[in-house]
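Be aware that the sequence shown starts at 1314, since it is given in the numbering used here, and climbs by one per residue.
Positions of the beta carbon are idealized from the N, C-alpha and C atoms, including for glycine.
A quick note: this is a predicted structure, and the numbers were derived from the prediction, not measured.
Accompanying notes for the structure given below.
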Amino acid sequence: YLRAHWEEEECQRDVGLLRKQAQEDSSLDGAVPIPLESGSGEEELERVIQAVVDNVHWQMSLDRKTTALKQLQGHMWRAAYATGHVKGEIFEDVVPAIRKWREAGMKVYIYSSGSIEAQKLLFGYSTEGDILELFDGHFDTKIGPKVESESYRRIAASIGCATNNILFLTDVPREANAAEEADTHVAVVIRPGNAGLTDDEKSYYSLISSFTELFLPSST
């Protein structure tokens, strides 16, 4: 992807943002710097591209959610979706459940560590077709990290809803804890491939394995 799009302004902005993040991360163990191009030629270009790749792999190995990383990933996803190489896979219970909630007058928002653009690609090019109409809005880490309670308060303020009138679905206990601290209702979703939960987490949180298990009030 980087070789194909390197000369494009958008790609250079993405690399610049990653380079800035790398500078901020310089004191972290194993951090990978991204040098500026110091000349022309294929060898120099490959050196810088490899540094970008190594930095991205390092961030991903730590499951980091930096805006710089997610922005590049979003643009890579866009290229893959546009060519039909990938589609967003949606569990079969999701779309019918969301349609039912919306018919009951509820609003549905996406909050993801993936960029808003990446979210729209996943739901716009999904195995269920374009389902973007099912969502009333999107939030990403620009509103704040998902593991900080203040992020959920900001979202509530943004949509004009009290936090205790919001149900947040997640598969990550740290996110669930942050949402609870903001007085938001939480259910932890158990899906194939998700990280396992401790016994304490299983006993503490409301758990669902399908959206059909949610019984919501007819109005909020």
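Item to complete: Pick out the complete alpha helix (DSSP H) segments inside the segment 1471-1509, 4 residues or longer, and give them in chain order.
Response: 1486-1494
Worksheet item: Closest to Thr-1511 by CA distance: which of Glu-1350, Tyr-1422 and Arg-1487 is it?
Response: Arg-1487
Fill in: For Thr-1533, the three-state DSSP class (helix, strand or coil)
Only weak support exists for where Thr-1533 lies, its pLDDT of 44 falling under 50; the coordinates are left without a value.
Item to complete: Could you have a look at Ser-1439 and say whether DSSP puts it in helix, strand or coil?
Response: strand
Fill in: Run of the alpha helix (DSSP H) containing Gly-1397, from where it starts to where it stops
Segment: none, Gly-1397 is in no alpha helix (DSSP H) and carries neither H nor E.
Worksheet item: What is the DSSP secondary structure of Phe-1524, counted as helix, strand or coil?
Response: helix
Worksheet item: Is Tyr-1422 helix, strand or coil when you go by DSSP?
Response: strand
Worksheet item: Using 8 Å as the Cβ pair cut-off and three pairs as the minimum, do the segment 1326-1335 and the segment 1343-1352 touch?
Response: yes
Worksheet item: In terms of residues, what are the limits of the beta strand (DSSP E) holding Gly-1450?
Response: 1450-1452
Worksheet entry | Buried versus exposed, by CB contacts within 10 Å (16 or more), Gln-1432 | buried
Practice prompt. With DSSP collapsed to three states, give me the class of Ala-1344.
Written response: coil
Discussion item. Going by DSSP in three states, Pro-1409 sits in which element: helix, strand or coil?
Written reply: helix
Worksheet item: How many whole angstroms separate the CB atoms of Val-1460 and Phe-1481, which I take to be in contact at a CB cut-off of 8 Å?
Response: Contact flag wrong, Cβ pair sits at about 12 Å.
Discussion item. Gln-1386 and Ser-1428 - do their beta-carbons sit closer together than 9 Å?
Written reply: yes
Discussion item. Assess contact between the segment 1398-1410 and the segment 1518-1526, defined as three or more Cβ pairs (one per stretch) separated by less than 8 Å. Is contact present?
Written reply: yes
Worksheet item: Using a Cβ-Cβ cut-off of 6 Å (strictly less than) and excluding sequence neighbours within five positions of Tyr-1424, which residues of its own chain qualify?
Response: Phe-1452
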